[in-house]
Structures are given as structure tokens and as C-alpha cells.
Amino acid sequence: MSKIVVCRCEDVTLADLEHSVARGYHDIEEVKRYTGFGTGPCQGKECVAVVACALARLTGAAPATVPPFTSRPPLAPTPLRWFVRDPAAHRFADDRGDDADDGAAPATDEEA
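In this text, residue positions in the sequence shown follow my numbering: the first is 178, and each later residue adds one.
Listed below in C-alpha cells is the structure:
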């Protein structure tokens, strides 16, 4: 049995959409949060129209009434070391030139 993929980036299928609607998620934002569609590298550019049409069919709504979801891309890439609480993880940052992007790393507990 083949599956119908509606979001290639996150491998979301039509069956996943049907399951989310059966669980009571009818809004495109709710379905996005439940299935993860639109959160991959394309940020929904490839799948939002397909998902909106499928969601309209599954809920009985007109396709034109299904609004697009709200895109929330990061404002800027976040260096991974900012999530590390170990000060030793920051010791080589200047040698690699990682701090040239916007300044200093977040304050540690000792600096605060």
C-alpha cells in the first residue's frame, strides 16, 4: 500500500492529516503543531497549498476559507554554544572568529 506524502520535508502523509482531524484538530495551525508539516527546510513553501486543500476536503470547508499558517522562522541563526552552560565551551570562540557576527555570548551565572 502506498502512502500519499503531503509534506516531503517532515514526511507527513495524508493519513497523518486524517488522524489529526479525527482527533479534533481542524485549524491549520493546530494541524501544523500536531503533525509538524511546514516546519522543515522549505518552511511550508512546498506543502501549505496541498495541506490546505486536503484539510478543506477533510473538514468540509471551502479551500479558499482555509488560511495559511503563520510562519515563524528564526530571525538569525543561533550559535550552538549559546545553549551550553559550560564556560569551557566558549573558550575557543575568539580563535575561530565565531563572535564576529553580533558580539558576545550570553552572560554566564558568574557574570550575572
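Cβ coordinates follow ideal geometry from the N, Cα and C atoms, glycine included.
For residue i, tell me which candidate among the options has the shortest Cα-Cα distance.
i    : options          : result
V183 : A238, V261, C219 : C219
Would you say residue i and residue j are within 7 Å of each other, going by their C-beta atoms?
i    : j    : result
C230 : P240 : yes
T212 : D188 : no
H291 : T236 : In the structure displayed, the chain extends from 178 to 289; residue 291 sits before or after that span and is not available.
L191 : I205 : no
Would you list the one or two residues that DSSP bridges to residue i?
i    : result
V208 : Per DSSP, none; premise fails for V208.
V189 : C184
Return the first residue and the last residue of the alpha helix (DSSP H) that residue i is part of.
i    : result
V243 : Where V243 is concerned, there is no enclosing alpha helix (DSSP H), given that its DSSP letter is neither H nor E.
R234 : 225-236
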